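Numbering (UniProt numbering), first residue to last: 1 to 202.
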């Protein structure tokens, strides 16, 4: 039973040490704030997709315009106009993409700030939890050490009792053997005396 208790305490200590980082974790951001981030993140992704699509469309239109300009009399003028249209469309598309990326950067900045604030606010609670875990772990270790010491003392006591029993058994056996030998010697002496008396009578 004591061995089982010792093993159980060892398991509890290990569980407390492993559970420490889990119980000290940060809480999630408020639902309302997270919903706002999700909404703006979705908006940022839409802007970047639209910007990318507009760039691809502008490039296709520019390639088409270049081919059509080759058929016109004022080729260079046509190409210049086509280039202006492309640049304007390309810049508008880049603005959309950049706006989406700016929103994403702002969201990440806000998330980092919120995480830092919550971590700082939860620091006292985490410290209290850590101290409580350390105290409980220390108590369990002390209890385990006491149980182990008790087990060792019990082993020593039982070994001493076993040695004492063996010594007592050996002493009893020696006394019994000595009594038996004395009895045999007495019988021999008595028999010898009777034999001598019988011989003298003859």
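Note that CB positions come from ideal geometry on N, CA and C, so glycine has one too.
Keep in mind that this is a model prediction, so the values were computed, not measured.
Neighbour-count burial assignment, residue i, 16 or more Cβ in a 10 Å radius
i	result
residue 112	exposed
residue 70	exposed
residue 55	buried
residue 173	exposed
residue 100	buried
residue 58	buried
residue 67	exposed
residue 185	exposed
residue 140	buried
residue 82	buried
residue 44	buried
residue 93	buried
Residue from the options with nearest C-alpha to residue i
i	options	result
residue 48	95, 78, 145, 38	95
residue 36	80, 108, 52, 81	108
residue 97	105, 52, 120	52
residue 60	86, 46, 188, 177	86
residue 30	124, 84, 114, 169	114
residue 42	104, 121, 28	104
Euclidean distance between Cα positions of residue i and residue j
i	j	result
residue 50	residue 76	31 angstroms
residue 148	residue 142	10 angstroms
residue 179	residue 151	42 angstroms
residue 21	residue 110	Interpretation of residue 21 is limited by its pLDDT of 45, a score under 50 that renders its predicted location unreliable; the figure taken from the coordinates is listed afterwards. Each residue's Cα considered, the two are about 25 angstroms apart.
residue 201	residue 164	55 angstroms
residue 33	residue 88	37 angstroms
residue 175	residue 199	36 angstroms
residue 24	residue 135	Any answer about residue 24 is weak, because its pLDDT of 43 lies below 50 and its placement is not dependable; what the coordinates show is given next. Approximately 16 angstroms between the Cα atoms of the pair.
residue 160	residue 126	51 angstroms
residue 4	residue 146	Because residue 4 carries a pLDDT of 48, less than 50, the predicted location of this residue cannot be relied on, and the following value inherits that uncertainty. In a straight line, the C-alpha of residue 4 is about 14 angstroms away from that of residue 146.
residue 64	residue 40	36 angstroms
residue 156	residue 129	40 angstroms
residue 72	residue 38	51 angstroms
residue 191	residue 181	15 angstroms
residue 171	residue 162	14 angstroms
residue 153	residue 167	21 angstroms
residue 106	residue 117	16 angstroms
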